[in-house]
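Data first, discussion second: the structure below is written as structure tokens.
Numbering (the working numbering), first residue to last: 668 to 945.
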């Protein structure tokens, strides 16, 4: 099966990446202090530039974005995808609305925990009604700090509430990402059981896993599936390597967030690497 991830970066953007040249948007007009995004320069080369200051979305614009996600989900199913995953992690738009330090709105999308999650939940509900709840997943990063995100003041309450509401909406899976991969250590000790208690469908874990850590997490019952990202880029035969216990090739971090084929489709398989070494 293959799912299409649906994404809105919110304030993590630059006007040159928008068709009309307008500034990026967010829950509030709070700019990233240091973060940079890749754009193409005059020579069509990728360069990193500081994110532009965002403008705050109007209430009606939030509802228009919900409709955009519904249209995108329908297009994905029409194109042959089995389902969609709504990206609500890593400091992007839905995560920005969730964050009390970035969301100072006074309308129905800001303030309490339930109001800060309202944008995401309205989107999930609308997409589920359009394509079927079983075809919808949501990705979250409860302890993430990507794109200058600050720790949630009460992640057990914040994400326990979300998981319970997603359970009620009948989605197919919850994808939980932790950028430093400390799934089996104390700082995740209470959170994953809380998510499991609130959400009894498929839970996917991602972040910092190798074969040993993945098997440990699955045995502990923290999740049902393990997702691999960078390891899959660097190991086109990742499944076979995991099956036979072969070493994993390292990835080249300098090519991951740039355009072009280098660092994406030029990693050798295990057999090809052995032939080259010989």
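Cβ atoms here follow ideal geometry from the backbone N, Cα and C, with glycine treated the same way.
Owing to the predicted nature of the structure, the values given are computational and were not obtained by experimental measurement.
Quick check on residue i: does DSSP put it in helix, strand or coil?
i           : result
residue 853 : Unreliable positioning characterises residue 853 in this predicted model, as indicated by a pLDDT of 45, which lies under 50. The coordinate reading is nonetheless provided below. Note: residue 853 maps to helix in three-state DSSP.
residue 840 : strand
residue 682 : helix
residue 723 : strand
residue 927 : coil
residue 692 : strand
residue 803 : strand
residue 750 : strand
residue 835 : helix
residue 824 : helix
residue 916 : coil
residue 756 : coil
residue 936 : coil
residue 900 : helix
residue 769 : coil
residue 829 : helix
Cβ of residue i within 9 Å of Cβ of residue j?
i           : j           : result
residue 751 : residue 739 : yes
residue 716 : residue 754 : no
residue 802 : residue 749 : yes
residue 765 : residue 819 : yes
residue 863 : residue 871 : no
residue 756 : residue 844 : yes
residue 706 : residue 684 : yes
residue 894 : residue 915 : no
residue 800 : residue 836 : yes
residue 896 : residue 861 : no
residue 811 : residue 846 : yes
residue 699 : residue 743 : no
residue 816 : residue 760 : no
residue 724 : residue 694 : yes
residue 696 : residue 721 : yes
residue 714 : residue 780 : no
Can you grab the Cα-Cα spacing for the pair residue i / residue j, in whole Å?
i           : j           : result
residue 938 : residue 838 : 40 Å
residue 913 : residue 877 : 11 Å
residue 842 : residue 832 : 15 Å
residue 789 : residue 771 : 19 Å
residue 703 : residue 924 : 11 Å
residue 875 : residue 787 : 26 Å
residue 883 : residue 891 : 12 Å
residue 798 : residue 775 : 26 Å
residue 857 : residue 689 : 42 Å
residue 917 : residue 903 : 12 Å
residue 911 : residue 813 : 34 Å
residue 946 : residue 692 : As displayed, the chain neither begins before 668 nor continues past 945, which places residue 946 out of reach and without an answer.
residue 867 : residue 710 : 51 Å
residue 731 : residue 677 : 14 Å
residue 922 : residue 859 : 32 Å
residue 701 : residue 719 : 11 Å
residue 741 : residue 865 : 28 Å
First and last residue of the beta strand (DSSP E) that includes residue i?
i           : result
residue 728 : Element bounds for residue 728: not the beta strand (DSSP E) but the alpha helix (DSSP H), 726-745.
residue 672 : 670-673
residue 715 : 713-717
residue 814 : Note, residue 814: premise wrong, no beta strand (DSSP E); not H, not E.
Could you please give the first and the last residue of the uninterrupted alpha helix (DSSP H) stretch that includes residue i?
i           : result
residue 785 : 780-798
residue 704 : Run containing residue 704: none in the alpha helix (DSSP H); it sits in the beta strand (DSSP E), 703-707.
residue 910 : 905-911
residue 763 : 760-765
For the stretch 860-898, list the beta strand (DSSP E) runs that are entirely contained and at least 3 residues long, ordered along the chain. 869-873, 892-894
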